[in-house]
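Chemist:
Number of protein chains: 2
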Amino acid sequence: MSVTLSDVARRAGVSMKTVSRVINNEERVAETTREKVMAAIHDLGYVPNVWAQRLARGHSGLIGLLMYDATPAYIMNVMNGLMDIGDLTGYRISLYRLNVHDPQEVEQVIGFAAQRRVEAFVFTPPCDNSATLVRALQELKFPFVQLTPHERCSGCAWVSSSDESGSYQAAQHLIELGHTRIGFIKGNQDHIASRDRLQGYRRAMADHGLAVDEDLLRQGDWEFETGLDCARALLDLPDPPTAIMAANDDTAAGVIQAVWERGLTCPDDLSVIGYDDVPLARQVTPPLTTVRQPIYDIATTAMSMLVEKLIPGLATETAVEVPSQFIQRHSTGPLKRG
Amino acid sequence: MSVTLSDVARRAGVSMKTVSRVINNEERVAETTREKVMAAIHDLGYVPNVWAQRLARGHSGLIGLLMYDATPAYIMNVMNGLMDIGDLTGYRISLYRLNVHDPQEVEQVIGFAAQRRVEAFVFTPPCDNSATLVRALQELKFPFVQLTPHERCSGCAWVSSSDESGSYQAAQHLIELGHTRIGFIKGNQDHIASRDRLQGYRRAMADHGLAVDEDLLRQGDWEFETGLDCARALLDLPDPPTAIMAANDDTAAGVIQAVWERGLTCPDDLSVIGYDDVPLARQVTPPLTTVRQPIYDIATTAMSMLVEKLIPGLATETAVEVPSQFIQRHSTGPLKRG
DNA sequence: ATATGATATGACAGCGCTGTCATATAAACC
DNA sequence: GGTTTATATGACAGCGCTGTCATATCATAT
Chain A
0 MSVTLSDVAR RAGVSMKTVS RVINNEERVA ETTREKVMAA IHDLGYVPNV WAQRLARGHS
60 GLIGLLMYDA TPAYIMNVMN GLMDIGDLTG YRISLYRLNV HDPQEVEQVI GFAAQRRVEA
120 FVFTPPCDNS ATLVRALQEL KFPFVQLTPH ERCSGCAWVS SSDESGSYQA AQHLIELGHT
180 RIGFIKGNQD HIASRDRLQG YRRAMADHGL AVDEDLLRQG DWEFETGLDC ARALLDLPDP
240 PTAIMAANDD TAAGVIQAVW ERGLTCPDDL SVIGYDDVPL ARQVTPPLTT VRQPIYDIAT
300 TAMSMLVEKL IPGLATETAV EVPSQFIQRH STGPLKRG
Chain B
0 MSVTLSDVAR RAGVSMKTVS RVINNEERVA ETTREKVMAA IHDLGYVPNV WAQRLARGHS
60 GLIGLLMYDA TPAYIMNVMN GLMDIGDLTG YRISLYRLNV HDPQEVEQVI GFAAQRRVEA
120 FVFTPPCDNS ATLVRALQEL KFPFVQLTPH ERCSGCAWVS SSDESGSYQA AQHLIELGHT
180 RIGFIKGNQD HIASRDRLQG YRRAMADHGL AVDEDLLRQG DWEFETGLDC ARALLDLPDP
240 PTAIMAANDD TAAGVIQAVW ERGLTCPDDL SVIGYDDVPL ARQVTPPLTT VRQPIYDIAT
300 TAMSMLVEKL IPGLATETAV EVPSQFIQRH STGPLKRG
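As you go down the protein sequences, you meet chains A and B in turn.
Final position of the first sequence in numbering that gives the first Met the number 0 is 337; the numbers increase by one with none missing.
Final position of the second sequence in numbering that gives the first Met the number 0 is 337; the numbers increase by one with none missing.
1. Per DSSP, what kind of secondary structure is Q52(B) in: helix, strand or coil?
2. Interface residues of chain A around M75(B) at Cβ under 7 Å?
3. State the DSSP-derived secondary structure class of V77(B), mapped to helix, strand or coil.
4. Going by DSSP, name the residue or residues bridged to I181(A).
5. Can you check whether the C-beta of N48(B) is within less than 8 Å of a C-beta belonging to chain A?
6. Identify whether D275(B) lies in helix, strand or coil by the three-state DSSP scheme.
7. Flag this pair as touching only if the stretch 323-332 of chain A and the stretch 156-167 of chain A have three or more C-beta atom pairs under 8 Å; answer yes or no.
8. Assuming F223(A) is part of the alpha helix (DSSP H), what are its boundary residues?
9. Go to E320(A), then tell me how far its beta strand (DSSP E) extends in each direction, as first and last residue.
10. What number of angstroms, rounded off, separates the C-alpha of A339(A) from the C-alpha of A245(A)?
11. To be precise: take each residue of the stretch 271-287 of chain A, compare its Cβ to all Cβ atoms of chain B, and keep it if any distance is under 9 Å. Which residues remain?
12. Who are the neighbours of A51(B) on chain A, taking C-beta pairs under 7 Å?
13. Which residues, in chain order, does the stretch 219-245 of chain A contribute to contact with chain B at a C-beta distance below 8 Å?
14. For the alpha helix (DSSP H) that contains R33(A), what are its first and last residues?
15. Beta-carbon within less than 6 Å of V36(A)'s beta-carbon, same chain only, minus the 5 sequence neighbours each way: which residues are those?
16. Bridge partners of V46(B), per DSSP?
17. I want to verify the contact list: residues of chain B whose CB lies under 9 Å from the CB of D267(A), in sequence order.
18. Return the CA-CA distance between A135(B) and M302(B), expressed in angstroms with no decimal places.
19. For G110(B), go through chain A and note every residue whose CB falls closer than 9 Å to its CB, in chain order.
20. By Cβ distance below 7 Å, which residues in the same chain neighbour V133(A) in space, the five residues on each side in sequence not counted?
21. Below 9 Å between beta carbons is the criterion; list the residues of the stretch 12-23 of chain A that meet it against any residue of chain B, in chain order.
22. Taking any Cβ of chain A, which residues in the stretch 114-146 of chain B have a Cβ under 8 Å from it, in chain order?
23. Can you find a C-beta in chain A that's less than 8 Å from the C-beta of Q388(B)?
24. In three-state DSSP terms, what is F143(B)?
25. Taking 8 Å as the CB-CB limit, is D296(B) close to chain A?
26. Decide if V254(B) is buried, meaning its Cβ has at least 16 other Cβ atoms within 10 Å, or exposed.
27. Do the stretch 75-86 of chain B and the stretch 282-302 of chain B make contact, defined as three or more Cβ pairs closer than 8 Å?
28. Drop a sphere of 10 angstroms on the beta-carbon of P266(A), count the other beta-carbons inside from all chains shown, and report buried for 16 or more, exposed for fewer.
29. Mind listing the chain A neighbours of I255(B)? Cutoff is C-beta to C-beta under 8 Å, in chain order.
30. Give me whichever residues DSSP pairs with F122(A) in a beta bridge.
31. Quick one: Cα of P239(A) to Cα of R261(A), how far?
32. Determine the chain A residues that contact D249(B) at a beta-carbon separation under 8 Å, and present them in chain order.
33. Please state if the CB of V158(A) and the CB of V321(A) are separated by a distance shorter than 8 Å.
34. Using a Cβ-Cβ cutoff of 7 Å, what residues of the stretch 27-39 of chain A are near chain B? List them in chain order.
35. In terms of DSSP beta bridges, what is I92(A) paired with?
36. So, is A29(A) buried or exposed, given that buried needs 16 or more other C-beta atoms within 10 angstroms?
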């Protein structure tokens with residue numbers, strides 16, 4: 000049926016172990032035998048059986064990515080980052096989807112992953128039950144790294160971007176354009192990124208001697224629809240804001256749509272700013288001014304941390320913050336006086 | 000380290016084989032022993048080792064997803080569909096990326112997957128070499144299902160949506176609004192979905208006694224940027240179209256942006272219609288009139304077909320077309336006379 | 001020539017599980 | 001009671017590979 004190690008060994012006239020040495024690039028193999036073996040492998044079209052290797056090694060080389068619903072762009076970015084480091088270090092990524100509304104599922108999924116002898120986990124920000132997840136993982140002594148954690152728990156490893164300063168820059172940009180009444184639509188309530196982004200906005204306002212009108216702060220949940228709703232409410236205010244910062248691009252896209260609904264235009268009547276720089280930011284009209292969250296870099300960093308944890312004797316940073324980048328497009332403009 | 004079958008067996012006071020029977024839900028196990036074993040499994044927190052199972056069984060429970068470059072939204076939709084059925088039926092998805100420009104790679108990737116004992120394949124529309132792929136798969140007697148195939152080969156199983164009629168409806172909608180000069184931006188050249196969508200447009204035009212101006216047909220490639228470029232060119236025509244149908248939503252988003260660049264408004268100056276109904280369609284301003292392509296349903300259908308093929312004795316439909324659905328939003332409006 | 005390492009290779013057990021086939025036990029029949 | 005059939009359980013080999021440890025080979029030192 001399929002070609003095995005022993006087929007190759009027979010053909011090359013060496014022992015199985017020697018073939019094993021060659022395919023695993025071990026030392027102590029004479030150059031001539033190595034060539035013989037390589038030739039046999041090539042002739043037979045041999046490819047090692049991954050399961051047999053894993054079983055024999057007792058080490059799976061598998062990292063589980065636990066993730067909740069997220070935009071495809073986000074997921075692909077994370078996957079790419081993880082896989083790129085994984086390829087370098089010999090680890091593979093196994094994707095497990097979690098359901099926000101079913102906390103019970105956590106144990107089930109972890110059990111399922113354990114069945115595959117997944118060695119460690121990285122997980123994306125969940126909305127409700129990261130605590131459950133963290134506890135379960137700690138109990139089972141699984142190494143893990145959190146991506147932009149919902150809240151920072153002590154002793155946990157995490158990677159996130161410098162949301163506070165990214166947001167600060169964005170707010171500053173608006174202030175420099177002359178805006179003083181700046182609305183803000185928050186992300187999911189208990190998500191730390193949401194709090195940091197708001198904090199950046201507050202600090203920028205304070206640094207420029209501007210008071211924050213608390214009525215201009217609205218509770219969102221990262222979604223387009225909510226952006227739409229909050230922006231409607233904000234625009235209906237007797238003294239509406241002249242600019243709105245949204246906690247992410249999806250929300251900002253909703254704001255743009257609310258402006259359009261009112262028959263107004265962006266940025267002439269309202270400047271809008273997003274966060275993340277997902278593809279949507281470029282594809283919306285007008286293209287969004289935003290802050291690029293380096294998701295790919297976050298993922299590579301997280302993966303490196305995890306791999307280090309799995310190699311005994313390597314020291315590991317437990318928390319890393321990677322910088323974000325302000326990107327100006329066409330959804331923001333100078334305040335129209337009058 | 001980790002709990003194994005024999006640990007459970009010892010604790011339950013039965014043989015390993017009996018435990019194996021219990022975890023695999025085989026018949027011929029007395030109710031009392033089954034309970035004993037279950038208790039032992041529970042007490043020990045035993046989880047079967049999947050690789051050992053696979054190695055021993057010689058049956059991998061793996062379905063290969065062969066895919067070419069596609070948008071993240073598409074990929075995730077397909078993955079979700081496949082995984083949902085996979086979870087139900089005990090199959091896992093293994094993703095293999097193929098390169099359009101390197102037909103040789105096909106054999107290599109299939110060989111690679113074969114060594115992992117992938118049992119069957121589903122593949123997304125490639126652009127050039129689906130013939131190579133189909134031939135290779137048939138030669139090796141791998142069951143496979145094509146997703147929205149680039150061209151339908153006899154004897155192959157495939158699932159797609161009714162692109163032609165979806166597009167027909169969309170075009171009809173535009174015609175009923177009074178438009179007669181309707182532009183069309185095609186998708187990737189040799190993709191059957193692109194041809195079908197164009198065909199639907201042509202049939203609608205013909206049915207309503209309208210001539211197609213070939214100069215209004217542009218070659219796109221499914222991308223936002225191309226939509227932007229093609230729309231610019233179309234708008235620069237001496238006698239520009241009053242409506243543009245795009246072969247997908249990303250392209251349509253580009254068209255909307257081109258309209259905005261010209262200082263025109265959509266749909267007043269130009270009606271725009273997309274295809275697929277990806278999230279972007281809702282989030283763009285104005286929200287896109289489009290046709291929903293049930294990618295998720297296509298994927299679940301394909302996965303079900305594949306699983307049925309792998310279970311001997313089950314009859315299988317070889318080709319399925321799932322309906323698409325016209326969705327009217329705000330990017331289309333009546334023709335402004337004069 | 002003999003001892004001493006350094007280097008290259010192989011024998012073999014076992015990773016954790018399942019398939020096959022044999023066996024033990026209970027139930028059913030003449 | 002003895003034979004047949006149905007039902008429940010176990011012994012054992014082996015899936016394809018790697019780790020351990022033993023052995024073979026060769027250059028260098030005495």
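Glycine included, each C-beta is placed from N, C-alpha and C at the ideal position.
Modeler: For this structure:
1. In the three-state scheme derived from DSSP, where H, G and I count as helix and E and B as strand, Q52(B) is classed as helix.
2. Correct list: P71, I74.
3. Helix, per DSSP.
4. In the DSSP output, where bridge partners are listed per residue, I181(A) has A242(A).
5. Interface residue, yes.
6. Strand at D275(B).
7. Flag = yes, the stretch 323-332 of chain A and the stretch 156-167 of chain A touch.
8. 223-234 is the span of the alpha helix (DSSP H), which, as asked, contains F223(A).
9. Run containing E320(A): 318-321, per the beta strand (DSSP E) assignment.
10. The displayed coordinates of chain A run from 0 to 337. Any statement about residue 339(A) would go beyond what the structure contains.
11. Cβ contacts with chain B come from P278, L279, R281, Q282, V283, T284, P285, P286.
12. Chain A residues near A51(B): L54.
13. So the list reads F223, given in the order they occur along the chain.
14. Here the alpha helix (DSSP H) through R33(A) covers 30-43.
15. Excluding sequence neighbours, V36(A) sits near A11, V18, V21.
16. Residue pairing of V46(B) in beta bridges, as defined by DSSP: absent, with no partner found.
17. What D267(A) touches in chain B: nothing, since even the nearest Cβ is about 12 Å away.
18. About 20 Å.
19. Chain-order list of chain A residues neighbouring G110(B): G44, V46, by C-beta distance under 9 Å.
20. Answer for V133(A): C152, C155, listed in chain order.
21. Residues: none.
22. Here the close residues are Q114, R115, R116.
23. Outside the shown range of chain B, which is 0 to 337, sits residue 388(B), and nothing can be said about it.
24. Strand at F143(B).
25. It does not: the Cβ of D296(B) has no partner Cβ on chain A nearer than 8 Å.
26. Burial call: buried.
27. With a cut-off of 8 Å, the stretch 282-302 of chain B and the stretch 75-86 of chain B count as touching, because enough Cβ pairs lie within range.
28. Buried, since its Cβ has 16 or more Cβ neighbours within 10 Å.
29. Ordered by position in chain A, the residues that pass the 8 Å Cβ test against I255(B) are T284.
30. Answer is L65(A), Q145(A).
31. Roughly 13 Å between the two C-alpha positions.
32. Against D249(B), the close residues of chain A are Q282, in the order they occur along the chain (beta-carbon pairs closer than 8 Å).
33. Contact flag set, yes.
34. Answer in chain order: no residues at all.
35. The beta-bridge partner set that DSSP reports for I92(A) consists of I62(A).
36. So A29(A) ends up on the exposed side.
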